[in-house]
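The structure appears below as structure tokens.
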Amino acid sequence: MGNARWWARHLLRETLLRVADATPYTGVLQRLAAQSQFGPDFWLALPLSEAARFELLRAVVVHDGPPGTGRRCLDAVAERLAADPAAVQHHLTRWFADERPLRAAPEATVASAAQALLHTHRHRAVDDLTEALVDCVHPRADELLGALAEDEPSALCRAVDRWAHDTRPARRVAAATHAPRAARHTSGEADRRLLRYAAQTLLERPDDEALHGAALGLLVRDPHTRARHLPYALRRFATGDPGLPASALAAALGTHPEPVLAAFRDRLHTRDTGTAEVLRGLPDVPSPALARRVADLVRERVEQCPRAAADAAAHVDLRLERGPEARAELFPLVVALLKGRGADVRVALAPALAAPGTPVSRPLRAELLDLLLAAEREPVVFEAVLRAVGGRGGGAERDRDLVRRTALLAGRTPEGATAFDRALVDVARRVPGFAARLMGWLTDAPQDWAALVGPSARRTIEHLTGEVPVSA
Numbered sequence: 001m002g003n004a005r006w007w008a009r010h011l012l013r014e015t016l017l018r019v020a021d022a023t024p025y026t027g028v029l030q031r032l033a034a035q036s037q038f039g040p041d042f043w044l045a046l047p048l049s050e051a052a053r054f055e056l057l058r059a060v061v062v063h064d065g066p067p068g069t070g071r072r073c074l075d076a077v078a079e080r081l082a083a084d085p086a087a088v089q090h091h092l093t094r095w096f097a098d099e100r101p102l103r104a105a106p107e108a109t110v111a112s113a114a115q116a117l118l119h120t121h122r123h124r125a126v127d128d129l130t131e132a133l134v135d136c137v138h139p140r141a142d143e144l145l146g147a148l149a150e151d152e153p154s155a156l157c158r159a160v161d162r163w164a165h166d167t168r169p170a171r172r173v174a175a176a177t178h179a180p181r182a183a184r185h186t187s188g189e190a191d192r193r194l195l196r197y198a199a200q201t202l203l204e205r206p207d208d209e210a211l212h213g214a215a216l217g218l219l220v221r222d223p224h225t226r227a228r229h230l231p232y233a234l235r236r237f238a239t240g241d242p243g244l245p246a247s248a249l250a251a252a253l254g255t256h257p258e259p260v261l262a263a264f265r266d267r268l269h270t271r272d273t274g275t276a277e278v279l280r281g282l283p284d285v286p287s288p289a290l291a292r293r294v295a296d297l298v299r300e301r302v303e304q305c306p307r308a309a310a311d312a313a314a315h316v317d318l319r320l321e322r323g324p325e326a327r328a329e330l331f332p333l334v335v336a337l338l339k340g341r342g343a344d345v346r347v348a349l350a351p352a353l354a355a356p357g358t359p360v361s362r363p364l365r366a367e368l369l370d371l372l373l374a375a376e377r378e379p380v381v382f383e384a385v386l387r388a389v390g391g392r393g394g395g396a397e398r399d400r401d402l403v404r405r406t407a408l409l410a411g412r413t414p415e416g417a418t419a420f421d422r423a424l425v426d427v428a429r430r431v432p433g434f435a436a437r438l439m440g441w442l443t444d445a446p447q448d449w450a451a452l453v454g455p456s457a458r459r460t461i462e463h464l465t466g467e468v469p470v471s472a
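Okay, so the sequence shown: first residue is 1 according to the numbering used here, each after it adds one.
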């Protein structure tokens with residue numbers, strides 16, 4: 001029986017290799033590929049179109065053994081790609097839709113293997129690769145273009161320039177999409193010039209009006225073209241153009257502070273949505289004086305619309321990472337946000353101030369958190385602090401002290417103590433590892449926690465950590 005099978009396989013293999021065109025036998029080949037009947041040399045030698053060949057290779061590669069176990073299909077594909085990248089790239093982008101895991105590396109898939117191969121062998125035909133990726137229209141292609149923006153910015157700049165001049169609308173959309181990515185990693189004047197020309201080309205096309213915001217964002221960031229295009233950019237920004245990011249205008253704060261600040265104020269005061277996007281564009285302000293003026297904008301926005309408190313808190317969180325230099329603007333801003341505001345504003349601020357942050361921001365966070373807690377009475381604010389500690393640990397000692405301090409403050413009223421217990425149990429259930437940390441604190445110093453954690457909450461924590469049977 002074994003000899004018969006060997007002869008059958010051998011005969012089938014030799015017959016398929018000797019036909020003038022194996023295309024009529026695609027069904028047979030697909031079944032062979034699914035069973036991984038033959039090695040990579042067989043699939044490379046078949047008289048087939050390259051598109052059909054790579055479809056079969058895609059099925060075979062799943063069955064590859066680990067590296068070092070002989071010639072693998074993936075190795076053969078890599079050799080083919082290295083020898084003729086422009087011809088192979090398009091075929092590999094068709095693998096992006098295949099998320100089957102590889103037998104030898106279950107953490108990888110056919111799609112991720114193709115993506116890795118294209119990135120590894122990009123150098124010989126990187127311009128062809130950008131074209132293959134933009135043709136593909138797939139999230140993995142977009143990811144790889146993002147990697148090329150960082151690893152091969154000049155190539156992506158050349159691609160953006162080609163796409164901006166292309167007659168196909170989809171290519172011009174791609175130019176507007178990927179130009180900002182390339183700009184973040186570009187350092188040479190030649191590359192900046194290509195992006196500048198691409199943006200100007202998009203801006204000159206009336207039919208591409210939807211892309212003008214992205215083009216203006218590039219031109220306003222560029223000191224060579226900023227003054228000329230800033231007035232139009234400010235008008236577009238005021239209308240809420242989603243393609244024109246706030247960060248692009250923020251780049252002009254140092255050279256044109258008055259019109260830019262006026263545009264931010266108008267945008268914040270006249271539009272009910274988009275506050276988060278606007279404030280995200282303002283974490284890096286070029287001078288303390290401008291930082292204080294930006295802080296005034298944030299305060300005014302919360303006064304006008306308390307619902308924007310969460311967006312203001314996100315801005316505070318970003319600015320805290322500037323360290324001591326941000327104190328002059330953040331201290332009065334946080335004082336103003338806390339003073340006379342509803343509990344919702346303080347609930348929004350609590351996670352930013354209670355977060356551990358980095359060593360640079362930690363002292364200022366602690367100082368501002370002291371301000372928040374000093375006169376606090378609302379249980380919902382204490383809950384927000386507790387959830388922030390549970391969700392983002394900042395060190396065992398810090399977390400223990402902050403949880404205990406919050407418990408003491410919340411426990412000044414029966415309502416606060418009940419709300420604290422409820423929040424403590426909820427965080428212990430939701431945040432992996434938090435119940436174990438709590439149990440450790442309760443066990444190490446029971447006298448410190450006896451009056452702070454209620455019996456019901458303690459029993460739940462014990463159950464979560466396995467300290468007592470669930471039926472207890």
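Glycine included, each C-beta is placed from N, C-alpha and C at the ideal position.
Starting from residue i, follow the beta strand (DSSP E) in both directions and report where the run begins and ends.
| i | result |
| --- | --- |
| Pro106 | 105–109 |
In the DSSP assignment, find the unbroken alpha helix (DSSP H) run with residue i in it and report its ends.
| i | result |
| --- | --- |
| Ser191 | Before going on, a small fix: residue 191 reads as Asp here, not Ser. 189–203 is the extent of the alpha helix (DSSP H) around Asp191. |
| Cys73 | 73–83 |
| Trp43 | 40–45 |
| Cys157 | 153–164 |
| Val453 | It is not in any alpha helix (DSSP H) - Val453 carries neither H nor E in the DSSP assignment. |
| Arg400 | 396–410 |
| Glu329 | 327–338 |
| Asp370 | 362–374 |
| Gln35 | 26–35 |
| Ala59 | 50–60 |
| Pro169 | 169–185 |
| Arg235 | 226–238 |
| Thr130 | 126–136 |
| Ala210 | Neither: Ala210 is in no alpha helix (DSSP H) and is coded neither H nor E. |
| Asp241 | No alpha helix (DSSP H) contains Asp241, which DSSP labels as neither H nor E. |
Run through DSSP, which three-state label would residue i get?
| i | result |
| --- | --- |
| Leu102 | strand |
| Val220 | helix |
| Gly274 | coil |
| Thr93 | helix |
| Thr443 | helix |
| Val385 | helix |
| Arg458 | helix |
| Ala20 | coil |
| Ser287 | coil |
| Glu431 | Residue 431 is actually Val in this sequence, not Glu. Val431 falls in the coil class under three-state DSSP. |
| Ala263 | helix |
| Leu349 | helix |
| Pro306 | helix |
| Leu253 | coil |
| Gly281 | coil |
| Thr69 | coil |
Judging by CA-CA distance, which residue of the options is the nearest neighbour of residue i?
| i | options | result |
| --- | --- | --- |
| Leu386 | Leu424, Arg398, Arg193, Thr413 | Leu424 |
| Ala183 | Ser154, Arg140, Glu209 | Ser154 |
| Cys73 | His224, Ala113, Gly254 | Ala113 |
| Glu209 | Gly416, Val220, Val173, Gly411 | Val173 |
| Glu480 | Pro47, Ala407, Leu364 | Because the chain in this structure spans residues 1 to 472, residue 480 falls outside the shown range and cannot be described. |
| Asp448 | Gln89, Val427, Asp401 | Asp401 |
| Ala388 | Thr358, Leu349, Ala410 | Leu349 |
| Leu279 | Arg31, Leu249, Arg58 | Leu249 |
| Pro351 | Gly146, Val220, Leu372 | Leu372 |
| Glu376 | Asp207, Glu143, Ala343, Gly70 | Ala343 |
Let's test the definition: count the other Cβ atoms within 10 Å of the Cβ of residue i and tell me whether it reaches 16, buried, or not, exposed.
| i | result |
| --- | --- |
| Pro67 | exposed |
| His123 | exposed |
| Ala445 | exposed |
| Pro169 | exposed |
| Ser456 | exposed |
| Arg365 | buried |
| Gln115 | buried |
| Asp421 | buried |
| Gly440 | exposed |
| His224 | exposed |
Please determine whether the Cβ atom of residue i lies at a distance below 8 Å from any heavy atom of the ligand HEM.
| i | result |
| --- | --- |
| Ala132 | As for the ligand HEM, it is missing from this structure, which has no ligand bound. |
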